[in-house]
Structures are given as structure tokens and as C-alpha cells.
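Enquirer: The following block contains the structure, expressed as C-alpha cells.
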Amino acid sequence: MAFWWPIIVLAFAYAICRFLLMLIPPNVPSIDVDASDVLDDGNQTQENSFIYIPPRGRTQQSDRKVQCYEPATMKYLGFFPALTPAEVEERVAQARKAQKIWAKSSFKQRRQFLRILLKYIIEHQELICEVSSRDTGKTMVDASLGEIMTTCEKITWLLSEGEKWLRPEYRSSGRSMLHKKSKVEFHPLGVIGAIVSWNYPFHNIFNPMLAAVFSGNGVVIKRLLPDAPASLSLKLVSEHASWSGCFYFRIIQAALAAVGAPENLVEVITGFAETGEALLSSVDKIIFVGSPGVGKMFYLDGTAFIVFIANGLKCLLLLQIMENAAETLIPVTLELGGKDAFIVCEDVDIPHVAQVAVRAALQSSGQNCAGAERFYVHRDIYNSFVNQVTKIVKSVSAGPPLAARYDMGAICLQEHSDKLQHLVDDAVDKGAEIVARGSFGHLSEGAVDQFFPPTVLKNVNHTMKLMQEETFGPIMPIMKFDSDEEVVKLANDSRYGLGCAVFSGSQRRAKEIASQIHCGVAAVNDFASTYMCQSLPFGGTKDSGFGRFAGVEGLRACCLVKAVVEDRWWPYIKTKIPKPIQYPVAENGFEFQESLVEALYGLNIWDRLRALVNVLKIISEQNPVATSKKND
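Below is the structure:
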């Protein structure tokens, strides 16, 4: 016992010291970010509301502008110039130059960058959420959940574990390479290009930026903008969500400057199709997040195309990821939305799960790539569950989120409410029944079409478009099921495969159901908890895309993964080609190889020992044929 006392005392002292160190606040400088052009002073007009963009030298002014409005009020916010391809290439070149310097930065410097961002975010939550709310129409609570919490969780995970997963990882060397050390190194790719959706303007800029910068890369981010051939008269996404990007970009700039990072390491650009094409042809990796539509990659004659499907029309937008497959192959991550199943078994606490279900459907007015869009409820509790959900949804009011206290905000996409109503009408025509709708608050005359009431439908089935197409709106279609086997079949009957949520009083049963659903993320007795666990990868399968961002896999996806083998006991033990297989190869060269394979990998220890003896015997023998050849 006397031996253990000193160790116990030292361990206790170490724990106390660690605790006391935790009480000392880190030295994190504050940053000042100009927010004058995003504060609502009531004076915005089309004449005086040009959004400030930090100067980048001499920039050619484009005639085309991206006009920005508040979806909830249609109040004018300002405009951005659409960058030309030449300007995009210049921004990427600047980011590439800065990245070469940043790649040599220490993890200590990168962590300080994250701490500065985290400090600013926590101290300015209301401002960040208000800007997001004005830009997308979401409520302050929805902005806090989807913008602030997710981003803070990402930062804290990188602070605690990021360096660990980017350090060289040693692997086993196997039997034939026991004298070697094997490791995997993670080097920056260069410049990451991110094309992100509008539904979470703060988080969708910060999410790829944090992973790219912490792993030593530069990053150029473009938000999806309305752009389609004039003949289609189709807007792919709302331009409203471009306005906030300038302010969020200035936060990043200020934090980078505070740690002495090179200028232009991070860029946020705006523009149309040619802007995206220029970005894709200039960077070393593409991360594409297209929540409102479906994207598919087609490689035709060495050229990659992404097909967007929106408002029922198909617009082929040529994004030239590579001029030919042999020349400019770059890695791509696609996250393309989903049609997530929300499964409720008969043994659940109905009031509890009903609240979770409504949040899963109405978060950010249903404009959530991981939102629940198909609800499957066991027949035994179907009516009780529908009644409980109906009661909750009828209490939900929608309106301009900054004008008064509303539970739900606006629809960001222009004309999207027409698509939502079309899906509801199709379901009703095929036998569905609307059982509940929420209410509207006071809406300005020009913004009426930007709102859609939260809606609950029952008696739905898979013949209805509402159960097949991505809704991206506040609609809850609820369908019955009788058995676990049936609900698994229903959940898998979709071309999407992003996520699912399964609720049961038996956790084992819920896990069993979730394990059979073909999707990329699954929550057991919860909704969207997988995304809040930032150590986990996020992404889907089937039409929901491929590749992963977030978590270890997403962080390492920003890296060149390099396998390295070196001598374990250099210079004492070096690799030497055994004499029987040296050139010229001996007559018993194959016999040597045969014995060596059995000595290393044989299943029977006695056979392996016998083979090893034969290997040593062959090595020790003189090969007269090889010797005579050498003499000749």
C-alpha cells in the first residue's frame, strides 16, 4: 500500500492543478466588426443601400447586380455586384497565395483563430441571429438553434479534437513489414471551393470555412444565387440570403487579422452561373450544399454536370468541374437534401414525441435539409398522435419574425409557397385530409406570398407527390404502419437517403429499425441530434449525394491523405532484397517466395515454422546457376 500512496497523491495533485488551470480564462482578444450596414435603421432604399464590400484592389464593376430583400417583409436590403469569371479567378489566386503561408501555421495559431470567433459569436448572438432572420425570414429561436449552436459546437469540437485528427496517424505494418513504421499524414489540399445553400446563411459559410482553415487550407465560398436560362424563367434559389454574407465575412476577416493570418485566405463571392463555373475550374476541392433542390453528377465526355430540380422544372446548369477526366479531376462532396422519415412506434410517450415531431417539421419554416418530411406512426396510436400534433400546430402562428413574437417565419424562396400548395392539393385529390393549419399574423401586402401555414395531413400514401418529392416547407404528412417490417420498407421507398429518426419505448427496437434504413445519418429517440454531435460525419446516399462533411471524415476530406512507410530501426535494419529474388533471379526464386508466404501467413504454426526453416535454408545455400551467370 505504501507504494501506491505517492502515486495517488500525485494523481490527485495533477487533477487539482488541471482544475485550477480551467478556472483561468484564456487570453482571447476581442475584435471589432463593422455592422453599420446590417443594422435596421429604416432608411434602406435602392439608391443608398449598396452593401459595403472590403476593397480588394481595383475591381471591375459588373453591370449585373444581386438585389436583396427581406423575405418576411420584402423590405429592400441592398445589392451586390455579380463577379465576373476573371474576378473569381483572381480571388482564388489570392487565396492560393495566402494558403501557402497559412499551411505552415501552427495548431496553436489556428486554435486562437477559433477562440476569437467563438468569443465574438457568444457576445453577439442577437446581432448574428437578427441578420440571419432578416435575410431568410426565420425566427430568432430558429436562428439560434440552426446558426449559433451548430457553429459553436463545431468550433468547440475543433478546439478539443481537431489537432488530434490531423496529426500523423500510425497504423499497423503487418507481418511482412514488422521492421517498418507505417503512418498516414494529412496535408492541406490547397484552396477549397464551397457552394452553399441559403437556408442557414451564417452556419453554411462558417461550416466549410472552419474545417478548411483549421486543416491549413484557403477557402472561397459562393452562395447559391438565382440563375437559369431566360427561356425557363426559373429562379433556383432566393437572392435574399446573399445580403448577410458580407457581414459574416467581415467577422472572419477580423478574426484572421487578429492572429496574423495572411490576407485573402478566405473569400466570399457572389455571382451567377459563370461565377460558379470559374470557381469550379480554379479550386482543389468542391463542397456543394444544395438544400432546396436535387443535384446529380453526370460525367459526360469528361465533363461534370450538376442537374438542379426546382419548382417542378429541370434546369441543366453546366458547372465544368473538369475539362476532361484525365486532366483536372478534383474531389467533390455533394449534400443534396433529403426526404427524412420520422418513425413513431406504439410504445412511445405521445405528448413528448409530438412536440419533437412538430419541431422537426417546422424548424426554419421547414426549410431544413435534414428536416422530417415523412411521418410514419403505428396504427395503434395513430389517432392519438394526430390529435396531439393537431393541437400543437393549431397554436403555431407565422409572421414577420422581428415585428412581433411569432412561432414561425417566412418562406425564403420566391414562389415556393405555390409549389407547397400544389403538393398539398395533389395529396388531397388522392385522398389525404387536412386536419390542421396554423395561423398568420399581420403580413405586409407585398409579403403575403412569402408565408405558408404549418399544415398537417393524414391518410397519406406513397402515390402522393408529398411523400416522394422534397418539400422544404412546414408540412407534416402522417401515414399509418402496422409492423416494423412495413415501416422499414416504407422508409426505404424513397430516392433520397439523408437521414431518419426512430422513436420507441424500447431503445433496442428503435436501433434495430434505424439500422435497416438506407441513409447516412440516424437518430434514435431524437431528431437531428447527429448534426449536433460534430464529431460525426454528415451526408447521405442515393439522391441525397455522396461524400461527407463535418466530423473526422469531413475534416480529413479537406486534406491530401498520404501513406508513409519508414524504417523502424534505421540505420541498423534496412530493407535488402533477399538473394534468391535479386536480379538475375535464382532458379529457386519461386520456391523461396512460396516458403516465405507460408511462413508469414500460414494458418498452422507448425507449417509456418517448417516454411521458415526452408526460407533460411534457401538463403544460406549458394546458387551455382546465379553465380555462373554472374561470372559469365
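Position 188 of the sequence shown, counted from 1, bears residue number 188 in the UniProt record's numbering, the numbering being contiguous throughout. Glycine included, C-beta positions come from ideal geometry on N, C-alpha and C.
Write down the C-beta distance between R64 and F272 rounded to the nearest angstrom, noting that I regard them as a contact closer than 8 Å.
Expert: As a first step, residue 64 is located in the sequence shown; it is residue number 64 there, counting from the start. As a first step, residue 272 is located in the sequence shown; it is residue number 272 there, counting from the start. Their Cβ separation, rounded to whole angstroms, is 7 Å, which keeps R64 and F272 in contact under 8 Å.
Enquirer: I'd like to confirm the pairing. Which residues does DSSP put opposite G78 in its beta bridges?
Expert: Taking the first residue of the sequence shown as position 1, residue 78 is located at position 78. Paired residues: C68.
Enquirer: What is the DSSP secondary structure of L236, reduced to helix, strand or coil?
Expert: Along the sequence shown, read from residue 1 onward, the residue named residue 236 stands at position 236. Note that L236 has pLDDT 31, beneath the 50 cutoff, so the model's placement of it is unreliable and the number below is only indicative. Reduced to three states, the DSSP call for L236 is coil.
Enquirer: What are the start and end residues of each continuous alpha helix (DSSP H) run of 4 or more residues lying completely inside the region 414-447, in chain order?
Expert: 416-429
Enquirer: Which residues does DSSP pair with D340 in a beta bridge?
Expert: Counting from one through the sequence shown, the residue named residue 340 turns up at place 340. Beta-bridge pairing links D340 to A372.
Enquirer: Enumerate in chain order the residues of its own chain whose CB-to-CB distance from V615 is below 8 Å, with the five nearest sequence positions on each side excluded.
Expert: Position 615 of the sequence shown holds residue 615. Closer than 8 Å at Cβ, skipping near neighbours: F592, S595, L596, A599.
Enquirer: In the DSSP assignment, what residue or residues form a beta bridge with F503?
Expert: For this step, residue 503 is matched to residue 503 along the sequence shown. Looking at the DSSP output, F503 bridges to V344.
Enquirer: Within the continuous beta strand (DSSP E) that includes D567, where are the two ends?
Expert: Within the sequence shown, numbered from 1, the residue matching residue 567 stands at position 567. D567 -> beta strand (DSSP E) spans 559-567.
Enquirer: Which first and last residues belong to the alpha helix (DSSP H) in which V33 is found?
Expert: Walking along the sequence shown from the start, residue 33 turns up at place 33. Where V33 is concerned, there is no enclosing alpha helix (DSSP H), given that its DSSP letter is neither H nor E.
Enquirer: May I ask whether a heavy atom of the ligand GTP can be found less than 7 Å away from the beta carbon of F538?
Expert: With respect to small molecules bound, the structure shown includes none, and the ligand GTP cannot be examined in it.
Enquirer: Starting from K285, trace the beta strand (DSSP E) in both directions and tell me its first and last residue.
Expert: Reading the sequence shown from its first residue, position 285 is the one you call residue 285. Annotation: the continuous beta strand (DSSP E) that includes K285 extends over 285-289.
Enquirer: How many whole angstroms separate the CB atoms of V377 and V344, which I take to be in contact at a CB cut-off of 8 Å?
Expert: Taking the first residue of the sequence shown as 1, we reach residue 377 at position 377. Taking the first residue of the sequence shown as 1, we reach residue 344 at position 344. Yes, they are in contact, since the Cβ atoms of V377 and V344 sit about 5 Å apart, within 8 Å.
Enquirer: For the beta strand (DSSP E) containing F481, list its first residue and its last residue.
Expert: For the purposes of this step, residue 481 is taken as the residue at position 481 of the sequence shown. Here the beta strand (DSSP E) through F481 covers 475-481.
Enquirer: Expressed to the nearest angstrom, what Euclidean distance is found between the alpha-carbon atoms of G162 and P477?
Expert: Here the question's residue 162 lines up with position 162 in the sequence shown. Here the question's residue 477 lines up with position 477 in the sequence shown. Distance between the alpha carbons of G162 and P477 is about 40 Å.
Enquirer: Evaluate G540 with the Cβ neighbour count: other Cβ atoms within 10 Å of its Cβ, from every protein chain shown; 16 or more gives buried, anything less gives exposed.
Expert: Sequence index remark: in the sequence shown, residue 540 carries index 540 (1-based). Buried, by the Cβ-count rule.
Enquirer: Quick one: measure Cβ to Cβ for P71 and T136, integer angstroms, because I've assumed they're closer than 8 Å.
Expert: Within the sequence shown, the letter at position 71 stands for residue 71. Within the sequence shown, the letter at position 136 stands for residue 136. Yes, they are in contact, since the Cβ atoms of P71 and T136 sit about 6 Å apart, within 8 Å.
Enquirer: Could you pull the start and end residues of the beta strand (DSSP E) that V386 belongs to?
Expert: By one-based count along the sequence shown, residue 386 stands at place 386. Premise fails: V386 lies in the alpha helix (DSSP H), 382-394, not in any beta strand (DSSP E).
Enquirer: Determine the burial state of E587: buried for a count of at least 16 other Cβ atoms within 10 Å of its Cβ, exposed for fewer.
Expert: Position 587 of the sequence shown, counted from the start, is the residue given in the question as residue 587. With fewer than 16 Cβ atoms within 10 Å of its Cβ, E587 is classed as exposed.
Enquirer: Just the C-alpha distance for S397 and E470, rounded to the nearest angstrom, thanks.
Expert: The count along the sequence shown starts at 1 and reaches residue 397 at position 397. The count along the sequence shown starts at 1 and reaches residue 470 at position 470. Roughly 23 Å separates the two Cα atoms.
Enquirer: F186 lies in the beta strand (DSSP E); which residues open and close that run?
Expert: Taking the sequence shown and counting its residues from 1, one reaches residue 186 at position 186. Per DSSP, the continuous beta strand (DSSP E) segment holding F186 begins and ends at 180-188.
Enquirer: Near S233, what residues of its chain come up, given a Cβ to Cβ distance below 8 Å and the 5 sequence neighbours on each side ignored?
Expert: Here the question's residue 233 lines up with position 233 in the sequence shown. With a pLDDT of 26 at S233, under the threshold of 50, the modelled position of that residue is not reliable, and the figure given next carries that caveat. Cβ-Cβ distances below 8 Å link S233 to nothing in the same chain once the five nearest sequence neighbours on each side are left out.
Enquirer: Hey, how far is the Cα of Y601 from the Cα of R608?
Expert: For the purposes of this step, residue 601 is taken as the residue at position 601 of the sequence shown. For the purposes of this step, residue 608 is taken as the residue at position 608 of the sequence shown. So the two alpha carbons sit approximately 7 Å from each other.
Enquirer: Indicate whether L555 and W165 have their beta-carbon atoms separated by less than 8 Å.
Expert: Locating residue 555 in the sequence shown gives position 555, counting from the first residue. Locating residue 165 in the sequence shown gives position 165, counting from the first residue. For L555 and W165, yes; Cβs fall inside 8 Å.
Enquirer: Based on the DSSP secondary-structure assignment, which residues constitute the bridge partners of E335?
Expert: Working through the sequence shown from its first residue, we reach residue 335 at position 335. V289, G545, per the DSSP bridge assignment.
Enquirer: Return the Cβ separation of I205 and G245 in integer angstroms, given the expectation that the two are a contact with Cβ distance under 8 Å.
Expert: The residue given as residue 205 occupies position 205 in the sequence shown. The residue given as residue 245 occupies position 245 in the sequence shown. Right, the Cβ-Cβ distance comes to about 6 Å (below 8 Å), so this counts as a contact.
Enquirer: Taking C-beta to C-beta, are A255 and I31 nearer than 8 Å?
Expert: Here residue 255 refers to the residue found at position 255 when the sequence shown is read from its first residue. Here residue 31 refers to the residue found at position 31 when the sequence shown is read from its first residue. Taking 8 Å as the Cβ cut-off, A255 and I31 qualify as a contacting pair.
Enquirer: Around the C-beta of H352, are 16 or more other C-beta atoms found within 10 angstroms, so that it is buried, or is it exposed?
Expert: As a position in the sequence shown, residue 352 is number 352, starting the count at 1. Exposed is the call here.
Enquirer: Could you have a look at Y248 and say whether DSSP puts it in helix, strand or coil?
Expert: Taking the first residue of the sequence shown as position 1, residue 248 is located at position 248. Here Y248 sits in helix by DSSP.
Enquirer: Note down the Cα distance separating Q112 from I121, rounded to an integer number of angstroms.
Expert: As a working mapping, residue 112 is identified with position 112 in the sequence shown. As a working mapping, residue 121 is identified with position 121 in the sequence shown. Looking at the two C-alpha atoms, the distance is approximately 14 Å.
Enquirer: Report the residue from S172, Y583, Q94 whose alpha carbon sits nearest the alpha carbon of A563.
Expert: Along the sequence shown, one-based indexing puts residue 563 at 563. The option with the nearest alpha carbon to A563 is S172.
Enquirer: Could you say which of E415, S364, M408, V358 lies nearest to T390 if we only look at CA atoms?
Expert: As a working mapping, residue 390 is identified with position 390 in the sequence shown. Out of E415, S364, M408, V358, V358 has the C-alpha closest to the C-alpha of T390.
Enquirer: Give me the Cα-Cα distance between K480 and D418, rounded to the nearest whole angstrom.
Expert: Taking the first residue of the sequence shown as position 1, residue 480 is located at position 480. Taking the first residue of the sequence shown as position 1, residue 418 is located at position 418. So the alpha carbons of these two residues sit roughly 27 Å apart.
Enquirer: Near W243, what residues of its chain come up, given a Cβ to Cβ distance below 7 Å and the 5 sequence neighbours on each side ignored?
Expert: Translated into the one-based positions of the sequence shown, residue 243 becomes position 243. Answer for W243: I51, C68, L77, G78, D135, listed in chain order.
Enquirer: Pick from H518, V561, I128: whose alpha carbon is nearest that of L490?
Expert: What you label residue 490 is simply residue 490 of the sequence shown in a count that begins at 1. The option with the nearest alpha carbon to L490 is H518.
Enquirer: Taking the alpha carbon of M74 as the point to measure from, which residue in I605, V448, F546 has its own alpha carbon closest?
Expert: As a first step, residue 74 must be located in the sequence shown, where it is residue number 74. For the residues I605, V448, F546, the minimum Cα distance to M74 belongs to V448.
Enquirer: Have a look at T530 and K574 and give me their C-alpha separation to the nearest angstrom.
Expert: Taking the first residue of the sequence shown as position 1, residue 530 is located at position 530. Taking the first residue of the sequence shown as position 1, residue 574 is located at position 574. The straight-line gap from Cα to Cα measures roughly 47 Å.
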